[in-house]
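Going by full-length UniProt numbering, the first residue of the sequence shown is number 1, and it counts up by one from there.
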Amino acid sequence: MADQSPTGFGPCLKNYLNNISFSDAVIRCGNREFAIHRIVLCCHSEYFAKQLDGPWKESYERAIEIVDFDVSLVEAMIYFTYHLNYDIPNGSSAMVFNAKMYQIADKYAMSTLKTFAQGKFSTSIKQDWEEGEFPDTISLVYTSTPSTDRELRDIAVITSLNNLSILIDRDDFKTELASNADFAIDIIRFQGNESWNHQRYTSADAEV
């Protein structure tokens, strides 16, 4: 007999976001404390699963302290574990925020969130490359990912090349190009890649 998904499970789970009902642990960041459910968090993160089920302080106290990331990122990360989505905070650059969500997902071994953040980053950078935050986004991508992680780097490079005739006249972009050797090398490498040139994106609707 085929398995059937429990009716209303997804919508019901969303109701338990930061809800003390059945909560069995907390995440603290800055001056905020979030009620969580270990089974939900650990289904998303092997990192947190090990912290909360082992001979560690976090396991005994049922509390996780996060100091490496802004509270808005931690809040979005927790929101994702219940909603499989997250929103960009008002006043934040979507490109920058999505790149940071990719970073926090990588840090805490949250593969589903990492893939989701990558998709949102691709969409936002394609839409917002003309914004002033674009060079800062490139810098963030290259400082927050190792050279072996090509996902965001390749998106940033392809977006730059697709719009290079405009970007090359921007002082902030040229400064980033001059100061970021890895990015500059990738630009040259992609330009010399014949297979990439044959598949070059030419329409505004093309996927990055």
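Built from N, CA and C at the ideal position, the CB exists for glycine as well.
Burial state of isoleucine 78 (16 or more Cβ within 10 Å) | Counted from its first residue, the sequence shown places residue 78 at position 78. Result: buried.
Taking 7 Å as the line, does the beta carbon of aspartate 68 fall inside it for any heavy atom of the ligand ADP?
-> Here there are no bound small molecules, and the ligand ADP is not part of this structure.
Is tryptophan 178 helix, strand or coil when you go by DSSP?
-> As a first step, residue 178 must be located in the sequence shown, where it is residue number 178. The sequence shown places alanine at residue 178, not tryptophan. In this structure, alanine 178 counts as helix in the three-state DSSP scheme.
Have a look at residue 276 and methionine 95 and give me their C-alpha separation to the nearest angstrom.
-> Since the first residue shown for the chain is 1 and the last is 208, residue 276 is missing from the structure and cannot be characterised.
Between the stretch 165-176 and the stretch 107-114, do three or more beta carbon pairs fall short of 8 Å?
-> no
Would you tell me roughly how many angstroms separate the C-alpha atoms of glutamate 131 and valine 67, rounded to the nearest one?
-> For the purposes of this step, residue 131 is taken as residue 131 along the sequence shown, with counting starting at 1. For the purposes of this step, residue 67 is taken as residue 67 along the sequence shown, with counting starting at 1. Straight-line Cα distance between these residues: approximately 29 Å.
Of all the options Pro135, Tyr142, Thr115, which has the alpha carbon lying nearest to the alpha carbon of aspartate 171?
-> Taking the first residue of the sequence shown as position 1, residue 171 is located at position 171. That would be Pro135, whose Cα lies nearest to the Cα of aspartate 171.
Could you pull the start and end residues of the beta strand (DSSP E) that phenylalanine 34 belongs to?
-> Working through the sequence shown from its first residue, we reach residue 34 at position 34. Unbroken beta strand (DSSP E) run through phenylalanine 34: 32-36.
Could you tell me which residues DSSP pairs with arginine 28 in its beta bridges?
-> Position 28 of the sequence shown holds residue 28. Glu33, Glu65, per the DSSP bridge assignment.
What span of residues does the alpha helix (DSSP H) with alanine 105 cover, start to end?
-> The residue given as residue 105 occupies position 105 in the sequence shown. That run of the alpha helix (DSSP H) goes 94-107.
Could you check where the alpha helix (DSSP H) with glycine 119 kicks off and where it finishes?
-> In the sequence shown, the residue the question calls residue 119 occupies position 119. Glycine 119 -> alpha helix (DSSP H) spans 111-128.
Between the Cα of valine 74 and the Cα atoms of Lys126, Tyr142, Asp24, Lys100, which residue gives the shortest distance?
-> Translated into positions along the sequence shown, residue 74 becomes position 74. Closest option to valine 74, Cα to Cα, is Lys100.
So, is tryptophan 129 buried or exposed, given that buried needs 16 or more other C-beta atoms within 10 angstroms?
-> Walking along the sequence shown from the start, residue 129 turns up at place 129. So tryptophan 129 ends up on the buried side.
Close Cβ partners of glutamine 103 (< 7 Å) along its chain, the five nearest in sequence each way excluded | The residue labelled residue 103 in the question sits at position 103 within the sequence shown. Ser144.
Exposure label - residue 209; buried when at least 16 CB within 10 Å = Residue 209 cannot be examined here, being either before or after the span of the chain that is shown, 1 to 208.
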